[in-house]
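Residue numbers (the numbering used here): 3 to 63. Glycine residues also receive a C-beta, built at the ideal position from the N, C-alpha and C atoms. Keep in mind the model is a prediction, meaning the values are calculated, not measured.
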């Protein structure tokens, strides 16, 4: 694995790098937008192939 990026509303929020096959980490959005936001993960493998998670919608009132 090369990297895992947290994407919020189509913009990169945080990227974690890894040289291993697994990655364990935490992400807390310190400045979440009011209303609805969409989050998902984008994974880049060492060989350049990519994968995406299913999105999660979060609503902040």
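Quiz prompt | Cβ-based burial, residue 30 [other Cβ within 10 Å; buried from 16] | solution = The sequence position of residue 30 within the chain shown is 28, counting from 1. Exposed: under 16 other Cβ atoms inside 10 Å.
Quiz item: Given that a residue counts as buried once 16 or more other Cβ atoms are within 10 Å of its Cβ, and exposed if not, what is residue 1?
Solution: Residue 1 lies beyond the range of the chain shown here (3 to 63); nothing can be said about it.
Self-check item: Cutoff 6 Å; reference residue 52; Cβ partners in own chain excluding five residues on either side
Solution: Locating residue 52 in the chain shown gives position 50, where the first residue counts as 1. Closer than 6 Å at the Cβ level, and outside the excluded window around residue 52, lie 46.
Practice problem: Over the uninterrupted beta strand (DSSP E) stretch that includes residue 42, give me the two end residues. | Solution: Position 40 of the chain shown holds residue 42. Its beta strand (DSSP E) spans residues 37-46.
Quiz item: Just how far apart, CA to CA, sit residue 16 and residue 60?
Solution: Indexing the chain shown from 1 puts residue 16 at position 14. Indexing the chain shown from 1 puts residue 60 at position 58. If you take the alpha carbons of residue 16 and residue 60, they lie about 17 Å apart.
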